[in-house]
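Those letters in the sequence shown? Residues 264 to 544, by this note's numbering.
Cβ coordinates follow ideal geometry from the N, Cα and C atoms, glycine included.
None of the values given here were measured: they were computed from a predicted structure.
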Amino acid sequence: MALKDILVHVDNDERGAARARFAVDLARRHEAHLTGLGVSGFSSMPTFVDAELPAEIIQAHIDASRAEADAAGDTFRKVAGKAGLGVEWRSIEEPVADVARVVALHARHADLTVLGQPDPEAHGRSLSLDIVERLLLDAGGPVLLIPYAGKFETIGSHAMLAWNGSRESARAVRDALPFLEKGAKVTVLQVNPPSRKPADRDVAGADISVHLARHGLKAEATHVMAEDMKVGDMILSRAADAGADMIVMGAYGHSRLREMVLGGATRYILQHMTVPVLMSH
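So, in structure tokens, the structure goes:
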């Protein structure tokens with residue numbers, strides 16, 4: 264599937280501007296329409312807290328949120344205005360802003376959604392980890408996450424595919440194909456591959472590598488045992504060693520609650536990513 268409709272969430276900060284520039288370059292490469300999205304409103308709070316807040320406090324918060332969204336729109340228009348693309352800005356305001364629900368609604372009408380990695384130091388100016396996790400489950404399509412630290416001028420020349428044979432990772436492979444130009448290199452990495460019966464297919468990622476090769480990609484399969492480190496840490500380490508400019512992986516092969524309680528690769532990558540990551544659920 265070609266990328267013809269891209270959505271990018273833009274915050275009013277330096278990383279929001281950088282993410283907008285990244286999305287503009289991506290849209291230009293794919294000759295796609297680009298939509299920027301800002302969401303403003305008063306964040307949802309427990310009823311007993313909301314009832315105690317004076318009306319002027321709530322209004323002040325709404326006004327500040329509206330100003331942030333307006334500034335984000337100015338940033339987006341400045342970055343995208345001279346790009347020679349079909350672009351639009353959407354500013355969504357709700358009395359009680361459920362950001363995850365609003366962004367997910369718009370994401371379902373796009374081929375790809377571009378978000379920023381949750382930044383724990385942003386103090387409410389970027390999407391929280393909880394919101395991004397909900398979006399991965401609710402967007403209905405691939406989400407490309409851009410790290411809050413670093414510059415990323417290329418993507419897709421060498422992708423690291425974190426493969427585990429799941430439905431989620433299979434979908435991520437298909438969602439990543441528009442990024443991978445003919446001849447691009449793909450490293451298929453299996454971490455702690457399970458022992459399989461002789462009748463089972465996909466030994467250590469071999470079958471998915473053949474599938475990628477049929478798309479004209481230089482696919483190479485490898486596997487590794489991570490006995491003394493987290494799976495997510497191993498993926499990031501191998502991506503750095505290989506010089507990958509992109510990681511492709513399924514999101515939440517286990518339940519989100521299980522990963523929140525016990526830890527998991529999805530949440531670890533969200534917190535520690537060092538290159539853009541394409542996730543699909």
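Is it right to say residue i is buried, meaning 16 or more other beta carbons lie within 10 angstroms of its own, or is it exposed?
i	result
residue 468	buried
residue 290	buried
residue 484	buried
residue 524	Below a pLDDT of 50, predicted positions are generally treated as unreliable, and residue 524, at 46, falls in that range; the measurement from the model is reported next regardless. Exposed, by the Cβ-count rule.
residue 396	buried
residue 372	exposed
residue 430	exposed
residue 545	The requested residue 545 does not occur in the structure, where the chain is confined to residues 264 to 544.
residue 320	exposed
residue 279	buried
residue 312	For residue 312, the predicted model reports a pLDDT of 49, less than 50, meaning its position is unreliable and no value from the coordinates is stated.
residue 285	buried
residue 337	exposed
residue 295	buried
residue 473	exposed
residue 503	exposed
residue 425	buried
Could you tell me how far apart the beta carbons of residue i and residue j are, in whole angstroms, since I believe they sit closer than 8 Å?
i	j	result
residue 498	residue 532	7 Å
residue 501	residue 423	7 Å
residue 376	residue 412	Not really, about 21 Å apart at Cβ, beyond 8 Å.
residue 317	residue 410	Rounded, the Cβ-Cβ distance is 39 Å, inconsistent with contact.
residue 534	residue 390	That pair is no contact at about 13 Å.
Taking 8 Å as the limit between beta carbons, can you name the residues of its chain near residue i, skipping five residues before and five after?
i	result
residue 293	265, 266, 267, 269 and 441
residue 446	479, 480 and 481
Which residues in the same chain have their Cβ closer than 6 Å to the Cβ of residue i, if we skip the five residues on either side of it in sequence?
i	result
residue 427	none
residue 303	328, 329, 332 and 356
residue 528	494 and 495
residue 350	297 and 343
residue 475	449 and 482
residue 275	331, 334 and 335
Out of the options, state which residue places its alpha-carbon closest to the alpha-carbon of residue i.
i	options	result
residue 339	366, 299 and 401	299
residue 536	514, 510, 419 and 516	510
residue 271	447, 277, 433 and 297	297
residue 354	273, 477, 501 and 490	273
residue 345	513, 283, 486 and 380	283
residue 405	369, 435 and 528	435
residue 381	452, 369 and 363	363
residue 590	277, 320 and 322	Residue 590 lies beyond the stretch modelled for the chain, which goes from 264 to 544, so this question has no answer here.
residue 486	492, 454 and 515	454
residue 543	437, 391, 279 and 394	437
residue 418	449, 508 and 280	508
residue 490	456, 475 and 378	456
residue 378	474, 325 and 408	408
residue 439	374, 347 and 390	374
residue 369	352, 444 and 416	352
residue 514	400, 323 and 322	400
residue 347	384, 385, 322 and 287	287
residue 488	505, 452, 506 and 516	452
Enumerate in chain order the residues of its own chain whose CB-to-CB distance from residue i is below 7 Å, with the five nearest sequence positions on each side excluded.
i	result
residue 366	272, 300, 302 and 398
residue 394	362 and 363
residue 433	none
Exercise. Considering only residues of the stretch 433-457, which uninterrupted beta strand (DSSP E) runs meet the minimum length of 3 residues and lie entirely inside it, listed in chain order?
Worked result: Runs of the beta strand (DSSP E) inside the stretch 433-457: 448-454.
For this session: Go through the stretch 338-399 residue by residue and report every complete run of the beta strand (DSSP E) that reaches 3 residues or more, in order.
Result: Runs of the beta strand (DSSP E) inside the stretch 338-399: 350-360 and 375-379.
For this session: Please specify which runs of the beta strand (DSSP E), each continuous and at least 3 residues long, are wholly inside the stretch 471-507, giving them in chain order.
Result: The stretch 471-507 contains these whole beta strand (DSSP E) runs: 481-487.
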